[in-house]
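A.B. asks:
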Amino acid sequence: MVHSVLVLGIGNDILTDDGIGPRIIHQLEKEAFPSPVALKTATVGGLDILEMITGYREVVFVDAIKTRDGVPGTVYHLTPDNFRETLHLSNLHDINFLNAIELGRKLHFDIPETIHILAVEIVEDRVFSESFSPPIRKKFPEIYNEIKNFLTTRLQEID
Amino acid sequence: MKRITIDPITRLEGHGKIEIFLKDDGGVGNVYFQVPELRGFEQFCVGRPVEELSQIVTKICGVCPGCHHMSSGKAADAVYGVTPPPTARKLRELFYMAHYVHSHIAHFYALAAPDFVVGPTADPAVRNILGVIEKVGIPIGAEVIKQRRLAQEIQALLGGHQTHVVMNVPGGVRKGLTPEQRDSIVKTSEGFVDFAKFSMNLFKDVVLGNKDYVNIILNGPYSLKIHSMGLVDENNHVNFYDGKVRVVDTEGQELFKYAPHEYLNYVAEHVEPWSYLKFPYLKTKGWKGFVEGKDSGVYHATPLSRLNAADGMATPVAQQEYEFMYKTLGGKPVHNTLAMHWARLVELIYSAEHCLELAKDPEIIGTDLRAPLDKIPTEGVGIVEAQRGTLTHHYWTDPKGIVTKANIIVGTTNNHAPICMSIKKTAEGLIKKDTKITEGILNMVEMSFRAYDPCFSCATHSLPGQMRMELVIKDSQGKIIRSVKRK
Chain S
1 MVHSVLVLGI
11 GNDILTDDGI
21 GPRIIHQLEK
31 EAFPSPVALK
41 TATVGGLDIL
51 EMITGYREVV
61 FVDAIKTRDG
71 VPGTVYHLTP
81 DNFRETLHLS
91 NLHDINFLNA
101 IELGRKLHFD
111 IPETIHILAV
121 EIVEDRVFSE
131 SFSPPIRKKF
141 PEIYNEIKNF
151 LTTRLQEID
Chain C
1001 MKRITIDPIT
1011 RLEGHGKIEI
1021 FLKDDGGVGN
1031 VYFQVPELRG
1041 FEQFCVGRPV
1051 EELSQIVTKI
1061 CGVCPGCHHM
1071 SSGKAADAVY
1081 GVTPPPTARK
1091 LRELFYMAHY
1101 VHSHIAHFYA
1111 LAAPDFVVGP
1121 TADPAVRNIL
1131 GVIEKVGIPI
1141 GAEVIKQRRL
1151 AQEIQALLGG
1161 HQTHVVMNVP
1171 GGVRKGLTPE
1181 QRDSIVKTSE
1191 GFVDFAKFSM
1201 NLFKDVVLGN
1211 KDYVNIILNG
1221 PYSLKIHSMG
1231 LVDENNHVNF
1241 YDGKVRVVDT
1251 EGQELFKYAP
1261 HEYLNYVAEH
1271 VEPWSYLKFP
1281 YLKTKGWKGF
1291 VEGKDSGVYH
1301 ATPLSRLNAA
1311 DGMATPVAQQ
1321 EYEFMYKTLG
1331 GKPVHNTLAM
1341 HWARLVELIY
1351 SAEHCLELAK
1361 DPEIIGTDLR
1371 APLDKIPTEG
1381 VGIVEAQRGT
1391 LTHHYWTDPK
1401 GIVTKANIIV
1411 GTTNNHAPIC
1421 MSIKKTAEGL
1431 IKKDTKITEG
1441 ILNMVEMSFR
1451 AYDPCFSCAT
1461 HSLPGQMRME
1471 LVIKDSQGKI
1481 IRSVKRK
């Protein structure tokens, strides 16, 4: 069966909480979903992401985020429209993912029609460690269930 | 004293902050470039088998994982006192050339070209890769994506994964190439050479064909007279994978050439209280501060410094372009910061040509992939040229090969002092009394460090991840009196 939905966890799994995306994906790999889902991980954005998401009908990014005064463990559900105001800004090493998506559309790539971004508020992403910070470790089951429930609901809607 | 801050106000990763302190008369007083530093990697390595490190270090940086993999693999060879067989060495180098091709294509089209193809003071809404494609056409945009992807595929084929590379083991590599795979790489590499030449011609047409751009490169505030570092082969030609590190002074005279295990005799690191990141300098010159000139200890390790430090390129078309660049810019060494983009394209041609040479080499499909390990592991250093500078991995182990200590000097760290100096010099050249600080000015300050292709962090995935910039002018009490935001 062809996978129509990609869930892509982004982050560095040896950089404390930065690895929340990949860790969520590894946990999801143990679940059974109602329709076919591709579960993947990546460490970088930009053009690599463009190539990874091409061909899927829908993509759900799971990533870490830090916001001012954010509560650790909060899961934000965002769409590309939330970033529209920063769409044309540059990135030091590569293009940002919104530019990558626009580039893909311009080049007639088969870009997903629907894009969700599940961003988890984290605490620490500057120290190398294979363990989460205490607040994220404590809240991980809650974070995981929230993301899993989102996916389950979304996949039922698609079916 | 007034204060200007250019600060990414969202997150994610380790993007820098530029602080420009204005004097009371409105001119630039001082400039600080600060970067958040990732901590604890050396400690993270301690207690692990040294052969595991080449896989772990690919996670230090999502931008140049192949560089860390190669430097780490070579350090592990040195720890065991073993030399990989010719086929293994050539396979590693083939992987590495593909890594260079994909990285240099990305930098030129996504990061350098917007400033030149679209324009340094153009509306930021169009000063990006999308604006570049608007100018050069969709077929070229598609070719950029295609060539970059093909280079990634070679890395994935040889390395097991394009990012989390598992290619190297002490004394060699895990797997070889079949003749069919080799044939495919030959064909792909021929395409790299064509595309590299095309990219150079595009640069010549768009940049060298524009008097204003040439003027910015030659006469703008983008120049820094410092020493040049680069890895060279036995003929003093540029080499990314192996050889000795050569350093030439501001006049182009060789200061010294050292083997990897000698690096501590030649490079030391200075510490400033305002930055967690250290400032490497030439030990023989000593740290004299953030100053230019023959007596300074400051050097750079960039595409331009690699060409400055070498006597030439090891492949024919790259050599022609090397000669043309220096002839056009008035001879060696070149100190124009923006010429780094030109040098990067010379390197792109070399990478593509060498990729093809290696793929055609009969030994590349050999089956002798690993030398036996018959010595007790102790200590070893591995050096390669990362795209962003000379990369050094140094490991110490116990007799069982368990790491007891590690030291890493990453590519961009070599350029920390030059980047700070370049930003200051550019800001001083562009911001005078009563200068209206526009988005264009802000971008032209950024251009001075973007030329170095800096890489300060590993967690470079980005959601949102854009380098949102805000320029804030504060008075001496810290009160914001004016701000400029990028829209």
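Chains as they are written, first to last, in the numbering used here: chain S, 1 to 159; chain C, 1001 to 1487. Where is the CB? At the ideal position from N, CA and C, for every residue including glycine.
Thinking just about the alpha-carbon of each residue, which of C:ALA1318, C:LYS1332, C:GLN1387 and C:ARG1370 is nearest to the one in C:TYR1201?
C.D. replies: Correcting the residue type first, residue 1201 of chain C is Asn in the shown sequence and not Tyr. Selected option, being the one with the closest Cα: C:ALA1318.
A.B. asks: Does the CB of S:GLU102 have a neighbour CB from chain C at under 8 Å?
C.D. replies: Closer than 8 Å to some Cβ of chain C, the Cβ of S:GLU102 qualifies, so yes.
A.B. asks: How about the stretch 1201-1220 of chain C and the stretch 1415-1423 of chain C: do they share at least three Cβ pairs that are nearer than 8 Å?
C.D. replies: No contact exists between the stretch 1201-1220 of chain C and the stretch 1415-1423 of chain C.
A.B. asks: I'd like to know whether the C-beta of C:ILE1419 is nearer than 8 Å to at least one C-beta of chain S.
C.D. replies: Cβ-Cβ to chain S under 8 Å: no for C:ILE1419.
A.B. asks: Using a beta-carbon distance below 8 Å, is C:LEU1391 in contact with chain S?
C.D. replies: No, because no Cβ of chain S sits closer than 8 Å to the Cβ of C:LEU1391.
A.B. asks: So with CB distances below 7 Å, who are the chain C contacts of S:LEU107?
C.D. replies: By Cβ distance, chain C contributes ILE1138, GLY1141, ALA1142 and ILE1145.
A.B. asks: Go through its chain and collect everything with a Cβ distance to C:PRO1296's Cβ below 7 Å, but skip five positions before and after it.
C.D. replies: First, the residue type needs correcting, since residue 1296 of chain C is Ser and not Pro in the sequence shown. Excluding residues within five positions, the ones whose Cβ falls inside 7 Å are ILE1226, LYS1285 and LYS1288.
A.B. asks: Using a Cβ-Cβ cut-off of 8 Å, state whether C:ARG1344 counts as contacting chain S.
C.D. replies: No - not a single Cβ of chain S is within 8 Å of the one on C:ARG1344.
A.B. asks: Along chain S, which residues have their Cβ under 8 Å away from the Cβ of C:ARG1048?
C.D. replies: Ordered by position in chain S, no residue passes the 8 Å Cβ test against C:ARG1048, which lies about 11 Å from the chain.
A.B. asks: Going by DSSP, what residues sit across from C:ILE1383 in a beta bridge?
C.D. replies: The partner list for C:ILE1383 (beta bridge, DSSP) reads C:THR1392.
A.B. asks: Given a limit of 8 Å on CB to CB distance, which residues of the stretch 122-139 of chain S reach chain C?
C.D. replies: Answer set for the stretch 122-139 of chain S: ASP125, ARG126, VAL127, PHE128 and SER129.
A.B. asks: For the alpha helix (DSSP H) that contains C:ILE1056, what are its first and last residues?
C.D. replies: Taken as a continuous stretch (DSSP letters only), the alpha helix (DSSP H) holding C:ILE1056 covers 1050-1056.
A.B. asks: In whole angstroms, give me the CA-to-CA distance for C:VAL1206 and C:GLN1147.
C.D. replies: Distance between the alpha carbons of C:VAL1206 and C:GLN1147: 21 Å.
A.B. asks: Just checking: is the beta-carbon of S:THR43 within a distance shorter than 8 Å of some beta-carbon in chain C?
C.D. replies: At least one chain C Cβ lies under 8 Å of S:THR43.
A.B. asks: Out of curiosity, what's the CA-to-CA distance linking C:PRO1114 and C:ASP1194?
C.D. replies: Cα to Cα, C:PRO1114 sits roughly 22 Å from C:ASP1194.
A.B. asks: So, does the CB of S:ASN12 fall closer than 8 Å to a CB anywhere in chain C?
C.D. replies: Taking Cβ atoms only, chain C reaches closer than 8 Å to S:ASN12, which makes this a yes.
A.B. asks: Given C:TYR1350, which residues of its chain have a CB within under 6 Å of its CB, disregarding the five upstream and five downstream residues?
C.D. replies: Closer than 6 Å at Cβ, skipping near neighbours: MET1313, THR1315 and ALA1318.
A.B. asks: Can you pull the chain S residues whose beta carbon is under 8 Å from the beta carbon of C:PHE1041, in chain order?
C.D. replies: Those within 8 Å of C:PHE1041 in chain S are PHE128.
A.B. asks: How big is the Cα-Cα spacing for C:ASN1030 and C:GLY1389?
C.D. replies: Each residue's alpha carbon lies about 26 Å from the other.
A.B. asks: Hey, how far is the Cα of S:ILE143 from the Cα of C:VAL1028?
C.D. replies: Cα to Cα, S:ILE143 sits roughly 48 Å from C:VAL1028.
A.B. asks: For chain C, is any of its Cβ atoms less than 8 Å away from the one on S:LEU47?
C.D. replies: With 8 Å as the cut-off, S:LEU47 counts as an interface residue toward chain C.
A.B. asks: Would you kindly report the start and end of the unbroken alpha helix (DSSP H) that includes C:GLN1253?
C.D. replies: No alpha helix (DSSP H) holds C:GLN1253; DSSP gives it neither H nor E.
A.B. asks: Taking 8 Å as the threshold (beta carbon to beta carbon), is C:HIS1461 in contact with chain S?
C.D. replies: Confidence in C:HIS1461 is poor, its pLDDT being 34 and thus under 50, which makes the residue's placement unreliable; the coordinate value appears in the next sentence. C:HIS1461 counts as touching chain S.
A.B. asks: Let me see if you follow: with CB-CB separation under 8 Å, is S:ASN149 close to chain C or not?
C.D. replies: Closer than 8 Å: no.
A.B. asks: Confirm, please, whether the CB-CB distance from C:THR1392 to C:TYR1263 is below 8 Å.
C.D. replies: Yes, the pair counts as a contact, with Cβ atoms nearer than the cut-off.
A.B. asks: Report the residue ranges of all beta strand (DSSP E) runs contained in full by the stretch 7-80 of chain S; include only those spanning at least 3 residues, in chain order.
C.D. replies: Segments of the beta strand (DSSP E) lying fully in the stretch 7-80 of chain S: 37-42, 58-65 and 75-78.
A.B. asks: What residues from chain S crowd round C:THR1163, counting only those whose CB sits closer than 9 Å?
C.D. replies: Residues of chain S passing the Cβ test: ALA42, THR43, VAL44 and ASP48.
A.B. asks: Buried or exposed for S:PHE128, going by 16 or more other Cβ atoms inside 10 Å?
C.D. replies: Answer is buried; the Cβ neighbour count reaches 16.
A.B. asks: Over what stretch of residues does the alpha helix (DSSP H) that includes C:MET1070 continue unbroken?
C.D. replies: Per DSSP, C:MET1070 belongs to the alpha helix (DSSP H) from 1065-1080.
A.B. asks: Note down, in chain order, each residue of its chain lying with its Cβ closer than 7 Å to the Cβ of C:LYS1332, except the 5 sequence neighbours on either side.
C.D. replies: The residues are GLY1252, ASN1308 and TYR1326.
A.B. asks: Closest Cβ-Cβ distance between C:LYS1135 and chain S: below 8 Å?
C.D. replies: No, no contact with chain S.
A.B. asks: Count the CB pairs spanning the stretch 1243-1258 of chain C and the stretch 1370-1380 of chain C that are closer than 8 Å, and state whether there are at least three.
C.D. replies: No: the two stretches stay apart, fewer than three of their Cβ pairs being nearer than 8 Å.
A.B. asks: Do C:ALA1110 and C:ILE1129 have their C-beta atoms within less than 8 Å of each other?
C.D. replies: A contact, by the Cβ cut-off of 8 Å.
A.B. asks: Short check: CB of C:LEU1373 to CB of C:PRO1170, under 8 Å?
C.D. replies: Closer than 8 Å, so yes.
A.B. asks: By the criterion of Cβ-Cβ separation under 7 Å, what are the contact partners of S:GLU51 in chain C?
C.D. replies: Ordered by position in chain C, the residues that pass the 7 Å Cβ test against S:GLU51 are ARG1149.
A.B. asks: In three-state DSSP terms, what is C:GLN1034?
C.D. replies: Strand, per DSSP.
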